[in-house]
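Residue numbers (the working numbering): 32 to 174.
Notes follow once the structure below has been shown.
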Amino acid sequence: MFVSDILLHKGDRVVSVSPDDTLSKAIAELSARRIGAVLVLASDGDIVGILSERDVVHALARRGTSALALAVADVMTRAVVTCDPDATIEHVMTLMTNGRFRHLPVVVRGRLAGMVSIGDVVRLRLEEQRNEAEALRHYIAAA
Ligand code: AMP
């Protein structure tokens, strides 16, 4: 199974904010969309960072509520790890485990093509396991 299998169901829409937006605005977006991370895009569409709920927690722990007025650029992670749609689910799991993050933007020739979360990966793995078990049951019943 590949990242493209996830995007087939999920689509290519990615929620993003600008690096100049306030943390407060980004939090409103995370809450309204019920997601754990937003991508940070420059005005030309280039990926300049990623901001997850974990970054919000760290900023609040460090700065208290004054963190809410900070620019997203001051809180986000700048070195964003991405993958392409042909990446296997095993590869994505390895990237997420080694990098200790739960979100992975999908990029094709430098352009954003979607976002995969750990929830999407787990869902696909469960589906795979269910299909394997079903195939095995059929095989045994036919033997
Ligand atoms: P998460 O587990 O996705 O909430 O993120 C944990 C930390 O990793 C936060 O500091 C995020 O900004 C950062 N992070 C999340 N996704 C990525 C990614 N794809 N590449 C680099 N850092 C990331």
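Where a beta carbon is used, it is the ideal one built from N, C-alpha and C, also for glycine.
None of the values given here were measured: they were computed from a predicted structure.
- Message: Tell me the rounded alpha-carbon separation between residue 33 and residue 152.
- Response: As a first step, residue 33 is located in the sequence shown; it is residue number 2 there, counting from the start. As a first step, residue 152 is located in the sequence shown; it is residue number 121 there, counting from the start. One C-alpha to the other measures close to 10 Å.
- Hey, which unbroken runs of the alpha helix (DSSP H) at 4 residues or more fall wholly within the segment 109–171? Counting whole runs of 4 or more residues, the segment 109–171 contains the alpha helix (DSSP H) stretches 120–130.
- Rounded separation between residue 42 and residue 124 - CA only: Within the sequence shown, numbered from 1, the residue matching residue 42 stands at position 11. Within the sequence shown, numbered from 1, the residue matching residue 124 stands at position 93. In a straight line, the C-alpha of residue 42 is about 20 Å away from that of residue 124.
- Could you pull the start and end residues of the alpha helix (DSSP H) that residue 58 belongs to? What you label residue 58 is simply residue 27 of the sequence shown in a count that begins at 1. Per DSSP, residue 58 belongs to the alpha helix (DSSP H) from 54–64.
- Query: Tell me which same chain residues have a C-beta within less than 8 Å of the C-beta of residue 139, skipping the five on either side of it?
  - Reply: Your numbering for residue 139 matches position 108 in the sequence shown. Cβ neighbours of residue 139 beyond the five flanking positions: 115 and 116.
- Would you call the segment 47–62 and the segment 157–165 touching, i.e. three or more CB-CB distances under 8 Å? no
- Return helix, strand or coil for residue 80, following the three-state DSSP convention. Taking the first residue of the sequence shown as 1, we reach residue 80 at position 49. The answer is strand: DSSP assigns residue 80 an E or B state.
- Query: Relative to the ligand AMP, is the shortest distance from any of its heavy atoms to the C-beta of residue 83 smaller than 7 Å?
  - Reply: Residue numbering aside, residue 83 sits at position 52 when the sequence shown is read from its first letter. The answer is yes for residue 83.
- Query: Under the criterion of a Cβ to heavy atom distance below 7 Å, does residue 168 qualify as lining the ligand AMP?
  - Reply: Position 137 of the sequence shown, counted from the start, is the residue given in the question as residue 168. Remark: the shortest separation between the CB of residue 168 and any heavy atom of the ligand AMP does not fall under 7 Å.
- Is it buried or exposed for residue 80, if we count other Cβ within 10 angstroms and need 16 for buried? Numbered from its first residue, the sequence shown carries residue 80 at position 49. Buried, because 16 or more other Cβ atoms sit within 10 Å of the Cβ of residue 80.
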